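Read in the numbering used here, the sequence shown has 59 at position 55, and its numbers run on one by one without any break.
Note that the Cβ used here is the ideal one computed from N, Cα and C, for glycine as well.
None of the values given here were measured: they were computed from a predicted structure.
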Amino acid sequence: MEKREEVKELIHGLYNYLIKVPNPSTGLLNITDVLLQVYTKIDDTKDIDPLISRLVNYIYVEGFDNVTLPKKQDNQLIELANMAKRAGWNGRNRANFTDKSQFYSYFDKNKMPRR
């Protein structure tokens, strides 16, 4: 399976689990927003490693107190983190881990939800 397809499958699995959580917190809603945004950008992004790295770091930081994942979804997140290792330092240094606006641009069809 191609890396892009594998990443999309992992993101899809995480999103489908998190979107069904009853009474979601703001942090959880932010994570689902970002998962959806990254899912839509994967095919148009030249180098997906930094994007995946920022996504994983965002989920870890935003979800630290807000989200507890079951084993299957935790393994999906770990798998994404392993794929993101190729991004190097640039993927990590150029991101504000707590700001979901890093995944949106003015030209995106999906506008960033304010929560």
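Note to self: What ranges does the alpha helix (DSSP H) occupy inside the stretch 42 to 90, keeping only unbroken runs of at least 4 residues that lie completely in it?
What the structure shows: Counting whole runs of 4 or more residues, the stretch 42 to 90 contains the alpha helix (DSSP H) stretches 52 to 67 and 75 to 88.
Next item on the list: Taking all protein chains shown into account, decide if N27 is buried (16 or more other Cβ within 10 angstroms of its Cβ) or exposed.
Entry: By the neighbour-count rule (16 or more Cβ atoms within 10 Å), N27 is not buried but exposed.
Check: Does the beta-carbon distance from N83 to L32 come in below 8 Å?
Finding: Reading off the sequence, residue 83 comes out as Glu, not Asn. Against a cut-off of 8 Å, the Cβ pair of L32 and E83 comes out as no contact.
Margin query: Between D53, N86, L55 and L81, which has its C-alpha nearest L22's C-alpha?
Written below: Nearest neighbour of L22 by Cα position, chosen from D53, N86, L55 and L81, turns out to be L81.
Notebook entry, point to check: Can you tell which of Q106, R58 and I35 has the C-alpha that lies nearest to the C-alpha of K88?
Noted result: Strictly speaking, residue 88 in this sequence is Ala, with Lys absent from that position. Per the Cα distances, R58.
Notebook entry, point to check: Can you give the beta carbon distance from V38 to K104, rounded, assuming they're within the 8 Å contact cut?
Noted result: With a Cβ gap of about 5 Å, V38 and K104 count as contacting.
Next item on the list: Might you give, ordered along the chain, the residues of its own chain that have their beta carbon closer than 8 Å to the beta carbon of Y43, omitting 5 neighbours on each side?
Entry: Non-local beta-carbon contacts of Y43 in its own chain, meaning distances under 8 Å to residues more than five positions away in sequence, involve K12, I15, H16 and Y19 in chain order.
Margin query: My output table needs one value for Y108: the three-state DSSP class, helix, strand or coil.
Written below: In the structure shown, Y108 sits in coil (DSSP, three-state: anything other than H, G, I, E or B).
Check: Of all the options P74, T49 and L73, which has the alpha carbon lying nearest to the alpha carbon of K129?
Finding: Since the first and last residues shown for the chain are 5 and 119, residue 129 lies out of range.
Note to self: Are the CB atoms of V60 and A85 within a distance shorter than 8 Å?
What the structure shows: Closer than 8 Å, so yes.
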